[in-house]
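Residue numbers (numbering that gives the first Met the number 0), protein chains in the order written: chain A, 0 to 145; chain B, 0 to 404.
A virtual CB, placed ideally from N, CA and C, is assigned to each residue, including glycine.
A short worksheet on the structure shown next.
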Amino acid sequence: MNQQELKDRLAEIKDKLIDIQQPLDDRIFLSCEAENAYAINKFLFEEVPLRFVITTGIDSDSCYEILYHYAYDQIGYIITLKAFIRDRENPSIESIAPFLPGAEWIEREIHDLLGIEFRNHPNMRRLILADDWPEGVYPLRKETRQ
Amino acid sequence: MKETVRKPVLAIGPFHPLQEEMEFFQLTVDGETVTDIDMRISYNHRGIERISETLQFDQVPYLVSRVCGICSASHPLAYVQAVEDIAGVTPPERALYVRVIINELERIHSHMLWVGLAGHFIGYDTVFMWAWKYREPVLDLLEEISGNRNQYGNVKVGGCREDIPDETIPKILKELDKLDKKTEMLTKAVLDDPVIHARLKGVGVLTKEAAIKYAVTGPTARGSDVKIDVRRDDPYAAYADLDWNVVTQPVGDVFAKAVVRLLEVLESVKIIKQAVKKLPKGPIATEVKEIPPGEGCGRAEAPRGETFHYVRSDGGNRPVRHKIRAPSYVNVPSFKATCIGQHIADVTITLAAVDPCYSCTERLAVVDSHNKVLHDYQTLLRLSREKTARIKKEIGTPEMKLEDF
Chain A
0 MNQQELKDRL AEIKDKLIDI QQPLDDRIFL SCEAENAYAI NKFLFEEVPL
50 RFVITTGIDS DSCYEILYHY AYDQIGYIIT LKAFIRDREN PSIESIAPFL
100 PGAEWIEREI HDLLGIEFRN HPNMRRLILA DDWPEGVYPL RKETRQ
Chain B
0 MKETVRKPVL AIGPFHPLQE EMEFFQLTVD GETVTDIDMR ISYNHRGIER
50 ISETLQFDQV PYLVSRVCGI CSASHPLAYV QAVEDIAGVT PPERALYVRV
100 IINELERIHS HMLWVGLAGH FIGYDTVFMW AWKYREPVLD LLEEISGNRN
150 QYGNVKVGGC REDIPDETIP KILKELDKLD KKTEMLTKAV LDDPVIHARL
200 KGVGVLTKEA AIKYAVTGPT ARGSDVKIDV RRDDPYAAYA DLDWNVVTQP
250 VGDVFAKAVV RLLEVLESVK IIKQAVKKLP KGPIATEVKE IPPGEGCGRA
300 EAPRGETFHY VRSDGGNRPV RHKIRAPSYV NVPSFKATCI GQHIADVTIT
350 LAAVDPCYSC TERLAVVDSH NKVLHDYQTL LRLSREKTAR IKKEIGTPEM
400 KLEDF
């Protein structure tokens, strides 16, 4: 599959996306709302298919951002899907670990560090934080840092 | 009263004074067969991603080279490539070649270290001695180039800090020639040995399908016929100008991963020889003043697989977010696919096969449901070696001797 075919595949999910950016030839950033993330991830991983790399969680100014990084190895592209979680009180998003076991650890890690709830995660235990770390204190949240 | 049947549990970890990291594996066993595995990490979480946000862009490479002592060239390289993407900087050509040479020397010493330890785990201490002996001159070369055997600290945004002096080039070529011959001999000795075949073939198989689901990378993926290698797929530094092969194996067992690593050493030698001969003249760095707002993804092929760094800048002098994914983070969870159904004596080498810095395999203990220790690490290592000895006896091969090499 070449660049054009990849773009055609990505166009299939256009109605679920807010924005598409391509700052460099081989780096594509897609943006979506949290509720569409599960369907888009399933499409990217199973249909296109892309190789899952990792997820990044960010406490952004007005929302939480969950970035799903994928690699398209045939042409060396990195495709990043940004999902915005607008609810800062009870941030939650659907887990992708049920169909992508490689994402199980990182979702547990983001839950530990940012307090994002991953709905339907198969094994939501602590991964990073110590057993005696207090509940409800999330090290990477802005309010904890200050 | 009905008695509850408790399954025996094999606990591996978390501490051993010889190793640098803590990991904990809990294997549920039925007789001598593993039926389930549970993993715990982060006994020594250093918060490097968070510390990185407190440092300036040009200080971060020194921090991330300490993510891992062995991958101390790959992590800074992935980071600076992410930042160079944001800043739109292309380093001078000579710097790109210097980066290739240091990263490939790192791969050779890391793979040799693995081959030696793998030999040690299955009771082939001759392989251990020889692989580590061949590794030593590689560390000497790195010391001569960068001043350090590890922690080279040679890469910066916009290029490299230290050049490779022209007078060291004949020495590099001479050492590589020696290494080439010795590695070929070692590879042949390992691949032709019927006991190693019996001990490693069909053990800890990671199928291609599981390799994709667990998103594994590096030799772990290539041993399972997943042909990915960042050096070829998303060429960075000077890899696009050099001629080399991506090594894959179809089966996915421990043997396949050993073959991939041994053959990759030969490919690395090939890469360095070309890079040294082609090394262009000129400066090794361009000046980078400001990092504009933006985000970048950088990646490098570390000895264990793809190292991925995501950096976000708001235009200030520090990253606002820096995400690091080391290859073992995705390779280690694949134990769930490789260990279940295995014999206890094969677990040591199966866990070691993804090369997770060995920390995990050194900390083994078998306990029953009342936490009474049945076997410690020494016993498990003995079980692994006894199995090799038994196979040797059955096959009737003589002990490998130093003179055989």
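- When the Cα atoms are used, residue 67(B) and residue 327(B) turn out to be separated by approximately 11 Å.
- Put simply, the backbone Cα of residue 152(B) is about 20 Å away from that of residue 171(B).
- Counting other Cβ atoms within 10 Å of its Cβ, residue 280(B) stays below 16 and is therefore classed as exposed.
- Under the three-state reduction of DSSP output, residue 116(A) falls in the strand class.
- In the structure shown, residue 90(B) adopts coil according to DSSP, grouped into three states.
- In chain A, no part has a C-beta under 8 Å from the C-beta of residue 290(B); the shortest such distance is about 14 Å.
- A straight line joining the alpha-carbon of residue 127(A) with that of residue 38(B) spans about 12 Å.
- The shortest C-alpha to C-alpha distance from residue 30(B) to any of 380(B), 341(B), 319(B) and 351(B) is the one to 341(B).
- From the listed residues 79(B), 251(B), 45(B) and 253(B), the smallest Cα separation to residue 60(B) is found for 79(B).
- Along the segment 278-307 of chain B, going in chain order, the ones with a CB nearer than 8 Å to a CB of chain A are 293, 294, 295, 296, 298, 305 and 307.
- Counted as a single uninterrupted DSSP element, the alpha helix (DSSP H) harbouring residue 346(B) occupies residues 343-351.
- Counted as a single uninterrupted DSSP element, the beta strand (DSSP E) harbouring residue 311(B) occupies residues 304-312.
- Between residue 52(A) and chain B, the shortest Cβ-Cβ separation is below 9 Å.
- Shown here for residue 141(B): same chain residues with a beta carbon closer than 8 Å to its own, the five before and five after excluded, namely 101, 104, 105, 108, 147, 148, 149 and 151 in chain order.
- DSSP places residue 140(A) outside both helix and strand once states are collapsed to three, so it counts as coil.
- About 6 Å separates the CB atoms of residue 120(B) and residue 351(B); that is less than 8 Å, so the two are in contact.
- A straight line joining the alpha-carbon of residue 258(B) with that of residue 190(B) spans about 8 Å.
- Non-local C-beta neighbours of residue 22(A) in its own chain, meaning closer than 8 Å and more than five positions away in sequence, comprise 28, ordered along the chain.
- Contacts with chain A at 9 Å (Cβ-Cβ) do not include residue 318(B).
- Approximately 7 Å separates the beta-carbon atoms of residue 210(B) and residue 251(B); this is inside 8 Å, confirming the contact.
- In this structure, residue 321(B) lies near residue 52(B), with their beta-carbon atoms less than 9 Å apart.
- Secondary structure at residue 239(B): helix, using DSSP grouped into helix, strand and coil.
- Chain order gives the chain B residues near residue 75(A) as 229, 231, 232, 233 and 234, where near means a beta carbon separation below 9 Å.
- Neighbourhood of residue 101(A) in chain B, by CB distance below 9 Å: 211, 212, 213, 214, 215, 329, 332 and 333, in chain order.
- Counting only Cβ-Cβ distances below 9 Å, residue 23(A) has contacts in chain B at 84, 87 and 295, in chain order.
- Excluding its 5 nearest sequence neighbours in each direction, residue 88(B) has C-beta neighbours in its own chain below 6 Å: 157 and 287, listed in chain order.
- Taking CB atoms only, residue 113(A) has no neighbour in chain B less than 9 Å away.
- Distance from the CA of residue 380(B) to the CA of residue 115(B), rounded to the nearest whole angstrom, comes to 15 Å.
- The DSSP assignment places complete alpha helix (DSSP H) segments of no fewer than 4 residues inside the segment 31-110 of chain A at 33-41, in order along the chain.
- Nearest CB-CB separation between residue 72(A) and chain B: below the 9 Å threshold.
- According to DSSP, residue 127(A) shares a beta bridge with no other residue.
- Pairing residue 269(B) with residue 133(B), the inter-Cα distance amounts to about 16 Å.
- Around residue 386(B), the same chain offers 344 as residues with beta carbons nearer than 6 Å, after the five sequence neighbours per side are excluded.
- The beta carbon of residue 334(B) sits closer than 6 Å to those of 36, all from its chain and outside the five residues before and after it, given in chain order.
- By the neighbour-count criterion, in which a residue is buried when 16 or more other Cβ atoms sit within 10 angstroms of its Cβ, residue 349(B) is buried.
- Chain-order list of chain A residues neighbouring residue 322(B): 53, 54, 55, 56, 57, 66 and 68, by C-beta distance under 9 Å.
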